[in-house]
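2 protein chains.
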Amino acid sequence: MEKQQSGLIGRPRGFDADEALERAMLVFWEHGYEGASTAILTNAMGISTTSMYAAFGNKEKLFRRVLERYTEGPSAYLARALEEPTALHVATAILAGTVRTTTRPAHPHGCLGVQSALTTSDSGQEVRDLLVAWRNNGYCCIQERFQRAVDEGDLPPQTDPGLLARYLTTFAYGIAVQAASGVGRDELREMADAVLRNWPLI
Amino acid sequence: MEKQQSGLIGRPRGFDADEALERAMLVFWEHGYEGASTAILTNAMGISTTSMYAAFGNKEKLFRRVLERYTEGPSAYLARALEEPTALHVATAILAGTVRTTTRPAHPHGCLGVQSALTTSDSGQEVRDLLVAWRNNGYCCIQERFQRAVDEGDLPPQTDPGLLARYLTTFAYGIAVQAASGVGRDELREMADAVLRNWPLI
DNA sequence: CAGCTTCTGTAGCGATCGCTGCGGAAGTTG
DNA sequence: CAACTTCCGCAGCGATCGCTACAGAAGCTG
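Top line first, the protein sequences correspond to chains A and B.
In case it helps, our numbering puts the first sequence at residues 1 to 202.
In case it helps, our numbering puts the second sequence at residues 1001 to 1202.
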């Protein structure tokens, strides 16, 4: 159902699934999971509802694919940041990436992983939980990275890696909300710079 | 339509409008503006849809009333905080109030003003804009308070009140997202304390 | 070409959305 | 009590929700 299983037999798909996912991502990003109706989604994707359901299963599965794409695309700065040599470099890359991604011109403002389903109706609870897990996963990766920094002597030994990761993610979430509210890139970057001048705060 | 205009003539309202608003607030707080259906709202309020429309006009007007109630109730810590004698006291009261309100047991977690309509469908844009304005109003009040602190010599003269207010609100929004994601009160309070130990950061 | 598989456009499913017309019930004023 | 005003339960409005059955079109393999 979800993908062509026989491979090359039959009529091939008449649209680029990758580009359709990209367009769906922008709709979910702007309107949220429940705010994006299948009609708006399929219209933006340039395909019929039938094609969307044949290719992706249903709306929730489409969103899960979109979230994967978001993680490997606009949010990929996080994975790259974790590979920076020092905790300060990590934090710098995360905040710079957050500001850049949440205020990109001609893109929806804010963070898809934050604003897509902070609250939902009962039928959206699973997606809400999915995004809670998504954010928590990011937090855990940062925490582990900071723990490594402590072990390596990059951060003071009395540093609490969990608390420091909580501080950094809290700030990043706040930037996402500010961006979604229309606050400009320059102001957010200036603020992030001030935070980094006082690193590590905790 | 919205309220009894003749005063005492006719059959009096059969429910407590204040308590109905309180219950509606909890529903909007938990499910967001669009995630809270009129059926769930009226059921929680204990009244029929007809009564709700007669008393409050429509769903959007009900939400506006709820937002006023939220501002004067759970979010009243902000107005009180602005009256604290020093900028540090202001910031301390704001962060303490944010943590307390967003993690109150037996209440929805997070901040109604942040999570009710970060993203919406087209029909919810007005409420989304309303909450953007609500958050911006809070920011402006804090900025003006910090400007006063600079004028009074409470903050260093080179301090940028706008940037400092942006920093504080960003952190508060981040706390709200963390709380909505299930992060506990103690951890958030510990983090807020660390931020306040480094005040003013900017 | 024939025969097969898959895709896609139309049309519409049941359910829910926000909202309302209507008539009887309920409480107030003389 | 009668007359009046307002409230509220029932029922249902048109629109939209996520989703799907169906059949013909389209492209593959022989």
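Backbone N, C-alpha and C fix where the C-beta goes; we use that ideal spot for every residue, glycine too.
Span separating the alpha-carbon of residue i from that of residue j
i                 : j                 : result
Asp1160 (chain B) : Arg1166 (chain B) : 10 Å
Ala180 (chain A)  : Tyr1139 (chain B) : 15 Å
Glu2 (chain A)    : Val27 (chain A)   : Legend: pLDDT at Glu2 (chain A) = 39, less than 50; position of this residue unreliable, value from coordinates given subsequently. Distance between the alpha carbons of Glu2 (chain A) and Val27 (chain A) is about 21 Å.
Ala91 (chain A)   : Pro156 (chain A)  : 15 Å
Gly1010 (chain B) : Thr1102 (chain B) : 42 Å
Phe1171 (chain B) : Asn58 (chain A)   : 36 Å
Lys1061 (chain B) : Glu1019 (chain B) : 16 Å
Arg128 (chain A)  : Asp1151 (chain B) : 45 Å
Tyr1070 (chain B) : Val66 (chain A)   : 34 Å
Ile1202 (chain B) : Leu130 (chain A)  : 35 Å
Leu78 (chain A)   : Leu1118 (chain B) : 23 Å
Asn1198 (chain B) : Arg1148 (chain B) : 20 Å
Ala1024 (chain B) : Met25 (chain A)   : 32 Å
Tyr1053 (chain B) : Ala39 (chain A)   : 29 Å
Ser123 (chain A)  : Ala1194 (chain B) : 38 Å
Gly1184 (chain B) : Thr1098 (chain B) : 13 Å
Glu190 (chain A)  : Gly14 (chain A)   : 46 Å
Ile1175 (chain B) : Gly1182 (chain B) : 11 Å
Leu1082 (chain B) : Gly1113 (chain B) : 18 Å
Leu1209 (chain B) : Asp186 (chain A)  : In the structure displayed, chain B extends from 1001 to 1202; residue 1209 (chain B) sits before or after that span and is not available.
Residue-chain proximity (residue i, chain A), Cβ-Cβ < 8 Å
i                 : result
Thr1120 (chain B) : yes
Arg1100 (chain B) : no
Glu1191 (chain B) : Position check: residue 1191 (chain B) holds Met in this sequence, whereas Glu was assumed. Closer than 8 Å to some Cβ of chain A, the Cβ of Met1191 (chain B) qualifies, so yes.
Arg1104 (chain B) : no
Leu1163 (chain B) : yes
Gln1143 (chain B) : no
Gln1115 (chain B) : yes
Gly1097 (chain B) : no
Glu1187 (chain B) : yes
Run of the alpha helix (DSSP H) containing residue i, from where it starts to where it stops
i                 : result
Gly113 (chain A)  : Leu112 to Gln115
Gln178 (chain A)  : Pro161 to Ala180
Phe1063 (chain B) : Lys1059 to Glu1072
Ala1093 (chain B) : Ala1087 to Thr1102
Leu207 (chain A)  : Nothing can be reported for residue 207 (chain A), as the shown portion of chain A is limited to 1 through 202.
Trp1199 (chain B) : From DSSP, Trp1199 (chain B) is part of no alpha helix (DSSP H); its letter is neither H nor E.
Arg23 (chain A)   : Ala17 to His31
Leu155 (chain A)  : Premise fails: Leu155 (chain A) is in no alpha helix (DSSP H) and is neither H nor E.
Asp122 (chain A)  : Per DSSP, Asp122 (chain A) belongs to no alpha helix (DSSP H) and is neither H nor E.
Ala1054 (chain B) : Thr1049 to Phe1056
Ala1076 (chain B) : Ala1076 to Ala1081
Contacts that residue i makes with chain A (C-beta to C-beta distance below 7 Å)
i                 : result
Ile1202 (chain B) : Ala194
Beta carbon proximity, residue i to chain B, threshold 8 Å
i                : result
Gln178 (chain A) : yes
Met52 (chain A)  : no
His107 (chain A) : no
His31 (chain A)  : yes
Ser43 (chain A)  : The question names Ser, but residue 43 (chain A) is Asn in the sequence shown. So no, Asn43 (chain A) is outside the interface.
Arg135 (chain A) : yes
Glu60 (chain A)  : no
Glu84 (chain A)  : no
Glu19 (chain A)  : no
Glu152 (chain A) : no
Where residue i falls, given that 16 or more other Cβ within 10 Å makes a residue buried
i                 : result
Thr86 (chain A)   : exposed
Thr1120 (chain B) : buried
Glu72 (chain A)   : exposed
Thr50 (chain A)   : exposed
Gln1158 (chain B) : exposed
Gly110 (chain A)  : buried
Thr1042 (chain B) : buried
Gln1125 (chain B) : exposed
Gly1162 (chain B) : buried
Ala55 (chain A)   : buried
Ser1048 (chain B) : exposed
Ala1076 (chain B) : exposed
Glu30 (chain A)   : buried
Pro1012 (chain B) : exposed
Partners in chain B for residue i, counting only beta-carbon separations shorter than 8 Å
i                : result
Tyr167 (chain A) : Met1191, Ala1194 and Val1195
Any non-hydrogen atom of the ligand COA closer than 7 Å to residue i Cβ
i               : result
Met25 (chain A) : Judged by which ligands are present, the structure shown has none, so any question about the ligand COA falls away.
Under 8 Å by beta carbon: chain A residues contacting residue i
i                 : result
Phe1171 (chain B) : Thr170, Phe171 and Gly174
Gly1035 (chain B) : Glu34, Thr119, Thr120, Ser121 and Gly124
Listed by chain order, chain B residues near residue i by CB distance under 7 Å
i                : result
Gly182 (chain A) : Val1132
Contact list for residue i against chain A, beta-carbon separation under 9 Å
i                 : result
Gly1110 (chain B) : Leu118 and Thr119
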